[in-house]
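Participant:
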Amino acid sequence: MQKVLLIGCFTLLSAVAQAADLSSDERYMSFGPSITEELSEYAISKDTDLPPIPWPTPGGDDYNPYDPYGSQPHDAISGLDRIVNLAKKVFDIIKDNQPVIDVTVNYANAVPEEPKYWTHLQDWSAPQKRGYEIYWKNLYGVKVMSIKYMVLYTYGGNYKGVGRYLNGVSVQPLSVKAAWGYALNLTCEAPQMAITNVGKSEEPVASMQLIFNWKGGSMLKKIDERDVYYIRGMVDSKNWELLD
Numbered sequence: 157m158q159k160v161l162l163i164g165c166f167t168l169l170s171a172v173a174q175a176a177d178l179s180s181d182e183r184y185m186s187f188g189p190s191i192t193e194e195l196s197e198y199a200i201s202k203d204t205d206l207p208p209i210p211w212p213t214p215g216g217d218d219y220n221p222y223d224p225y226g227s228q229p230h231d232a233i234s235g236l237d238r239i240v241n242l243a244k245k246v247f248d249i250i251k252d253n254q255p256v257i258d259v260t261v262n263y264a265n266a267v268p269e270e271p272k273y274w275t276h277l278q279d280w281s282a283p284q285k286r287g288y289e290i291y292w293k294n295l296y297g298v299k300v301m302s303i304k305y306m307v308l309y310t311y312g313g314n315y316k317g318v319g320r321y322l323n324g325v326s327v328q329p330l331s332v333k334a335a336w337g338y339a340l341n342l343t344c345e346a347p348q349m350a351i352t353n354v355g356k357s358e359e360p361v362a363s364m365q366l367i368f369n370w371k372g373g374s375m376l377k378k379i380d381e382r383d384v385y386y387i388r389g390m391v392d393s394k395n396w397e398l399l400d
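Numbering (the numbering used here), first residue to last: 157 to 400.
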């Protein structure tokens with residue numbers, strides 16, 4: 157028993173001494189700029205299940221199960237160009253190196269403002285995913301913080317063939333790693349000012365800027381960075397872009 161206690165105390169003292177050495181090592185505790193790399197389709201598909209598409213159940217006083225999209229003629233449709241985010245505006249993804257996101261609850265969308273339209277949208281795409289790894293290396297060239305994640309979204313929802321909207325825009329962490337002495341936090345924002353109509357008034361196309369705010373670092377150097385993802389409600393050459 158005494159040997160076990162002595163070994164345990166020695167191990168604890170060694171760990172404390174090592175931590176003290178690392179905390180005073182400026183090369184260990186300092187790091188360069190972040191590096192972002194897009195993951196391959198294989199990397200983000202392997203052992204990764206996509207969450208269900210979040211969406212309200214159609215209903216309300218005007219809902220008719222035999223005519224779920226209403227009988228309003230095409231030329232009488234108005235207000236479809238008033239596009240808003242009716243879901244979360246700000247949600248946490250990572251807190252102190254731990255994923256905290258629930259993609260079935262914490263997501264953004266870009267849909268018509270009026271419930272009589274957005275509860276009746278149809279023709280959604282299958283969930284789309286784009287995977288990335290972002291990491292930081294210390295001055296020894298060792299990765300001290302890294303996260304692999306997917307940005308998820310569905311696009312193309314329309315009302316009786318009019319408009320192209322976005323739903324279920326969220327982030328799913330695949331892995332989060334931080335070396336001793338480092339902390340990583342990520343918050344995602346989709347404010348109303350980042351939701352726009354990039355189509356025409358009579359044929360609206362929703363777009364969204366999904367803003368990533370990275371914070372954390374070490375006791376010697378702090379992170380305060382942002383990335384902006386641009387997403388559109390239809391497929392073309394400008395459907396998806398990492399702005400910065």
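Glycine is no exception: its CB is placed at the ideal position from the N, C-alpha and C atoms.
Given the structure is predicted, the values throughout are model-derived calculations rather than measurements.
#1: Assuming I379 contacts C344 under a Cβ cut-off of 8 Å, what Cβ separation, rounded to an integer in Å, is found between them?
#2: Going by beta-carbon coordinates alone, are K251 and A264 separated by less than 8 Å?
#3: By DSSP, does P271 sit in helix, in strand, or in coil?
#4: Going residue by residue through the region 291 to 379, where are the continuous beta strand (DSSP E) segments of at least 3 residues, counting only ones entirely within it?
#5: Where do the ends of the alpha helix (DSSP H) carrying M185 lie?
#6: Thinking C-alpha only, which one of Y315, S302, G235 is nearest K371?
#7: Taking just the CA atoms, how far does V325 sit from T260?
#8: Could you please give the first and the last residue of the uninterrupted beta strand (DSSP E) stretch that includes D248?
#9: Please check the pair G312 and S363, which I expect to be a contact at CB under 8 Å, by giving their CB distance rounded to whole angstroms.
#10: Ignore the nearest five residues each way along the sequence and tell me which others in D383's own chain have a CB closer than 6 Å to its CB.
#11: Compute the beta-carbon to beta-carbon distance between Y273 and L236, rounded to the nearest angstrom, for a pair I have assumed lies under 8 Å.
#12: Going by beta carbon distance, what residues of the same chain come within less than 7 Å of M390, once the five residues before and after it are set aside?
#13: Along the chain, where does the beta strand (DSSP E) containing T192 start, and where does it finish?
#14: Using DSSP's beta-bridge definition, name the partner residues of I239.
#15: Distance, Cα to Cα, A334 vs H276?
#16: Give the single residue among Y305, P271, T352 whose Cα lies nearest to the Cα of I249.
#17: Can you give the beta carbon distance from P283 to L308, rounded, assuming they're within the 8 Å contact cut?
#18: Report the rounded CA-to-CA distance for H316 versus Y288, giving the unit in angstroms.
#19: Per DSSP, what are the beta-bridge partners of V384 in this structure?
#20: Return the CA-CA distance between Y222 and L330, expressed in angstroms with no decimal places.
#21: Comparing alpha-carbon positions, which option in P189, N241, I191, A350 lies nearest P271?
Facilitator: The short version:
#1: With a Cβ gap of about 16 Å, I379 and C344 do not count as contacting.
#2: no
#3: helix
#4: 299 to 315, 318 to 334, 339 to 345, 351 to 353, 362 to 373
#5: 182 to 185
#6: S302
#7: 10 Å
#8: 246 to 251
#9: Wrong, their Cβ atoms sit about 13 Å apart, outside the cutoff.
#10: F368
#11: 6 Å
#12: Y311, G312, R320, V361
#13: 191 to 194
#14: P268
#15: 44 Å
#16: Y305
#17: 6 Å
#18: Note on residue identity: the sequence assigns Lys, not His, to residue 316. Cα-Cα distance, rounded: 35 Å.
#19: I367
#20: Low local confidence applies: a pLDDT of 42 at Y222 is under 50, so the model's placement there is unreliable, and no value is given.
#21: N241
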